[in-house]
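A short worksheet on the structure shown next.
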Amino acid sequence: MTRRDEVLTLLSRNPDGLCDAELARLTGASHQTINQTCRQLAAEGLIRRDGFGSPIMNVGTGSRPPTRPAVTSQRPDWFWEGNVQAAMVRHLSAQGAVIRSVADTASKARGTDIVASLDGRVLHVEVKGWPSATYADSRRADEVKKTPPTMQATHWFAGAVLSALRSRGRHPTDRVLIVFPDFPRYRNLSDETAATLRTIGIETWFVEESGAVHVHTG
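First residue of the sequence shown: 1, per the UniProt record's numbering; consecutive thereafter.
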């Protein structure tokens, strides 16, 4: 039985969920190994990581939700960063990639969003979502953000490019990708920077609402 199977089996037997430390104790794996495994499973949609309490609880997607009250709303939008990341993980896995690590976007974890191996090369993937017009926090759900989504998206695009440039500098022989939900603003920005990004070896990819993933060829 693989580590993934162990985690999924344990969560199926514990519908209220288990934290990383509990899973590490039950499986005998290191806390770091369990953390990476759970992040990958969450990115693939096989479990969810409820971060409204301490510690973060891992819950099987077929299980009933924990009884603790959530203080933040869920992010069901297809263009939320976590959903875009999950779509990219599924796409890479379908292409035969080995997923090395997946950052926990829900908790705003630092580090590269996805690191994978495909066809003998390492991929470093930076993912951004599309800004919503309202706040995710349920306590501010009725408030409209002062910054328009298109303007905020420009900042997010710039941030993704900067992260990709840093990855390119640290890993000159690896592939570096930036991934966005398929919105006209991101497409326009990608068109404007396509030639430069190709020159320095940074690929731009898009995720559609359907979950389909494709490379930008502009």
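Glycine included, each C-beta is placed from N, C-alpha and C at the ideal position.
Distance, residue j Cα to residue i Cα
i, j, result
"residue 222", "VAL98", "Within the shown structure, residues of the chain are numbered from 1 to 218, placing residue 222 beyond reach of any answer."
"LEU18", "THR9", "12 Å"
"TRP205", "GLU81", "14 Å"
"PRO15", "THR61", "9 Å"
"THR2", "LEU189", "42 Å"
"VAL7", "ASP191", "42 Å"
"TRP130", "ALA212", "16 Å"
"residue 223", "LEU26", "Any question about residue 223 goes unanswered here, given that the chain covers just 1 to 218."
"THR72", "LEU46", "Per-residue confidence for THR72 stands at a pLDDT of 40, beneath the threshold of 50, marking its modelled position as unreliable; the derived number appears in the next sentence. So the alpha carbons of these two residues sit roughly 21 Å apart."
"GLY96", "ASP119", "8 Å"
"ALA103", "VAL127", "10 Å"
"PRO181", "ILE114", "16 Å"
"GLU208", "ILE200", "25 Å"
"LEU11", "ALA21", "13 Å"
"ILE56", "GLN36", "13 Å"
"GLY159", "ALA24", "34 Å"
"ALA116", "SER101", "7 Å"
"LEU41", "ASN58", "10 Å"
"LEU123", "ARG168", "11 Å"
With 16 other Cβ atoms within 10 Å as the buried cut-off, status of residue i
i, result
"ARG48", "buried"
"LEU197", "buried"
"PRO172", "exposed"
"SER163", "buried"
"HIS216", "buried"
"ALA195", "exposed"
"THR105", "buried"
"ALA94", "exposed"
"THR112", "buried"
"HIS214", "exposed"
Residue i - DSSP class collapsed to helix/strand/coil
i, result
"MET88", "helix"
"ARG110", "coil"
"SER93", "helix"
"ARG39", "helix"
"GLY82", "helix"
"ILE202", "strand"
"HIS31", "helix"
"ASP5", "helix"
"ASP20", "helix"
"SER12", "helix"
Report the start-end ranges of each alpha helix (DSSP H) in the stretch 117-192 that is 4 residues or longer and not cut off at the edges. 149-170
Pairs of beta-carbons, one from the stretch 20-33 and one from the stretch 84-92, closer than 8 Å: are there three or more? no
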